[in-house]
Amino acid sequence: MGMAESGIEQIGVAEVVVGLVPASHDAQTLEAAISRIVEFTPPVKAVLIHPPYSANGAYPPYTGTQWRLVANPQLAQDPSSLAQSLGDSFRVIFDLTQRLGGRACAIIASDLSTVTSEWVPLLLQPIVEEQFDLVAPCYARHPFEGLINRAIVYPLIRALYGKRVRNPLGPDFGISSTLVERLATTPTRRVHPIASLATEAATSGLKICQSHLGPRIFPPMDWTNLSSLLAQVLGALFLDVERYAPHWQRARDSQPIPEFGHPTFVAGPEGAVDVTRLIESFQLGARNLPEVWGMILPPSTLVELRRLAKHDAAGFRMPDETWARIVYDFALGHRVRAINRDQMLRAITPIYLGWVASYALELDNMAPEAVEQRLEMLCVAFEHTKSYLVSRWRWPDRFNP
Amino acid sequence: MWDQVGQTLNESTVRILSRLAGLLPGMLALIVAVLFSALLAWLVASLLRRFLVGVHFDEQLERWGFSSIAEWSPQQSPAQLVTRVVSWSIVLLGFVLGLAAFDATLTSELAFHLFSYLPNVLAAIVVLLVGSMVARYLGRNVLIEAVNMNLQYARLLGLGVKWMVMVLTIAMALEHLHIGSGIVHLAFGILFGGIVFALSLAVGLGSKELVSRSLERESARGAVAETEQPFRHL
């Protein structure tokens, strides 16, 4: 902390700030990523804040460039409490950006081995040169990666707030000082620095764009931790749904946002994907959790889920409208506290796995363009079903389909 | 002789009538006390009913997970149940106070015992309410987590936890009421131990194959999950 403080004092002011929040503090990976990032020469004074990785505190000097490097031990990801630790790290970078008087900051929280020298300009230039307030990331699109984003986050944010932000939860962002200031002045208990970024920008009328960053390594799947992950992500998301209710009830349809860089695709696995385990998880949930689901979902949806549980892989398809209504019902259940919030968010896991199975079966050997069309259909279903959420939100007691 | 009989009868009649006359003010006081308490009970009940309906007490109770209370409530309404309990308690209190008019010593002793027992009843009610809430919460939590961990015996685990907490709660409530504490201790020990033993048997012997299949499948899946499954959720 003392090292970071003295570094900041010496620098004084900087135009842009780049913060690294890696999952691993492996010295070699960090050093290699930093040397790739500083290959880009910014036209203005820039500060790169990274976690300490050298045991003796000695770092290679990057003299003769606009870059100034600061090691800060507060930047860290904790896998057991990912949302909380990432949020805390984001706040540290926001705070330093404000103290240095920066016009913009970029935060990189993905696996550093995929970070190239192009990431920083792609995240910062739209803000510095074109006065955007938020640059969201777009990664090379693989059909089976970022599934929580594909299934829930992107369609929900798009349908509610009317902006087609592909990865509203980043985790790599470019953020203007205006947006940093807005988030800094809001009480910490009300906004999550990551989950609320896109929604805060969209509801405040700030300019949003997205940059194609290329491939990203997604963390490996941890089956036992999935429900906890869903609870963390959806908890923050649903709190925003409650907070921004007056805004999204007025928003209609959705608009595309400007894009920078070139979209790339990653082909899915060749051959059929084994979804037996996913379907079994869904069926186990349908057998054991009808009482819990019954406190959140209306009877018609429960009947649909019970019917779906009788199918094997050959006929296992979850209609988009059903899935959209389920997500909306859980958002409403979260608001009215139908049951304990954490239990409720964890109870969605078997239904989510059912959706993943249905989605994987539909995408079997599909071309990347067709995969994008399939995702578009899901988003349109969320937009069409939004009136259902609005009705239930306004009259949660009276409206019972 | 007939005169003596007549005199004795007259004296007995006078004694009975004088005793009855002595009781009359007490009876009157008791009737007044009961009537007054009934009137008060009706007033409190109507106000309480209106308040509970206003705050959607029945719906709230269902939301908090006490839907089963409605099943044994009059007209399937827990608000009605609370109202009746409160109003009958007021009538009972009026009756006890009315009894004081007959024999101050006897009734004050009765009232003393009744009132000194009341905190135990209240404590038992609180223990039961809190215990059933905790039992439901823990039972549901275990059920959801077990389902998410793909355990085939998830329901059994959830029910086991729920009823273990319930048995503990009922034993604690009976202890507060001083009802057969020795028997309760013994019965609780036998029942609680029995549930644990039954669960161990169910998991260890009865569901041996089921559990071993489930565990084998889990361990096999854990090993292949990262290499074979193409899904990434974040």
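These protein sequences, in sequence, are chains A and B. Numbering-wise (my numbering), the first sequence opens with residue 236 and increments by one. Numbering-wise (my numbering), the second sequence opens with residue 148 and increments by one. All residues carry an ideal CB built from backbone N, CA and C; glycine is no exception.
Label residue i either buried or exposed according to how many other C-beta atoms from any shown protein chain fall within 10 Å of its C-beta, with 16 as the threshold for buried.
i	result
H332 (chain B)	exposed
W189 (chain B)	exposed
Q608 (chain A)	exposed
H497 (chain A)	exposed
Q154 (chain B)	exposed
K545 (chain A)	exposed
R542 (chain A)	exposed
G307 (chain B)	buried
M612 (chain A)	exposed
V312 (chain B)	buried
E380 (chain A)	buried
W235 (chain B)	exposed
P491 (chain A)	exposed
T420 (chain A)	exposed
I326 (chain B)	exposed
A370 (chain B)	With a pLDDT of only 44 at A370 (chain B), under 50, the local geometry of the prediction cannot be trusted, and the value read off the model is given with reservation. Exposed, because fewer than 16 other Cβ atoms sit within 10 Å of the Cβ of A370 (chain B).
R629 (chain A)	exposed
R283 (chain B)	buried
F517 (chain A)	buried
Taking residue i and residue j to be in contact with their CB atoms under 8 Å, please state how far apart those CB atoms are, rounded to whole angstroms.
i	j	result
A548 (chain A)	T584 (chain A)	Not confirmed; about 19 Å, so no contact.
A430 (chain A)	L472 (chain A)	6 Å
G245 (chain B)	A176 (chain B)	6 Å
A339 (chain A)	G409 (chain A)	6 Å
V146 (chain B)	A318 (chain B)	With chain B represented from 148 up to 381, any question about residue 146 (chain B) goes unanswered, as that position is not in the structure.
V591 (chain A)	L532 (chain A)	No, V591 (chain A) and L532 (chain A) are not in contact; Cβ-Cβ is about 18 Å, not under 8 Å.
C176 (chain A)	P390 (chain A)	With chain A covering 236 to 636 only, the question about residue 176 (chain A) has no answer from this structure.
S320 (chain A)	Q312 (chain A)	5 Å
For residue i, which three-state DSSP category applies?
i	result
F378 (chain B)	coil
V508 (chain A)	coil
S626 (chain A)	helix
V355 (chain A)	helix
L255 (chain A)	strand
R376 (chain A)	strand
I443 (chain A)	strand
V279 (chain A)	coil
K398 (chain A)	strand
E556 (chain A)	helix
F551 (chain A)	coil
V305 (chain A)	strand
S224 (chain B)	coil
S489 (chain A)	coil
F242 (chain B)	helix
E611 (chain A)	helix
F495 (chain A)	strand
M236 (chain A)	Bear in mind that the predicted position of M236 (chain A) carries a pLDDT of just 42, short of 50, making it unreliable; the figure below should be weighed with that in mind. Looking at M236 (chain A) - three-state DSSP - the assignment turns out to be coil, as it is neither helix nor strand.
H260 (chain A)	coil
L418 (chain A)	helix
How about residue i and residue j: are their beta carbons less than 8 Å apart?
i	j	result
V282 (chain A)	V252 (chain A)	yes
A502 (chain A)	P406 (chain A)	no
G322 (chain A)	P257 (chain A)	no
V268 (chain B)	L324 (chain B)	yes
V562 (chain A)	I383 (chain A)	no
V370 (chain A)	P377 (chain B)	no
L310 (chain A)	P278 (chain A)	no
C373 (chain A)	L441 (chain A)	no
A616 (chain A)	A559 (chain A)	yes
I443 (chain A)	V415 (chain A)	no
T349 (chain A)	P481 (chain A)	no
F275 (chain A)	S324 (chain A)	no
I320 (chain B)	L275 (chain B)	Note that residue 320 (chain B) is Ala in the sequence shown here, rather than Ile. For A320 (chain B) and L275 (chain B), yes; Cβs fall inside 8 Å.
G254 (chain A)	I362 (chain A)	no
Near residue i, what residues of its chain come up, given a Cβ to Cβ distance below 7 Å and the 5 sequence neighbours on each side ignored?
i	result
S289 (chain A)	A262
R417 (chain A)	E435 and S439
P221 (chain B)	Q227, L228 and R231
Y623 (chain A)	R560 and Y563
P403 (chain A)	A371, V388, Y389, I392 and A433
In chain order, what residues of the same chain lie with their CB nearer than 6 Å to the CB of residue i, ignoring the 5 residues before and after it?
i	result
I337 (chain B)	none
Q578 (chain A)	none
R581 (chain A)	S462 and A466
L265 (chain A)	Y288
V289 (chain B)	L304, G305 and V308
G550 (chain A)	none
Just to confirm my understanding: we take residue i, look at its own chain, exclude 5 residues before and 5 after, and list those with CB closer than 8 Å. What are they?
i	result
F249 (chain B)	L170, G173 and L177
L537 (chain A)	P525, W528 and G529
Residues of chain D with CB closer than 9 Å to the CB of residue i, please, in chain order.
i	result
E380 (chain A)	Looking for chain D here will not work: the only protein chains present are A and B.
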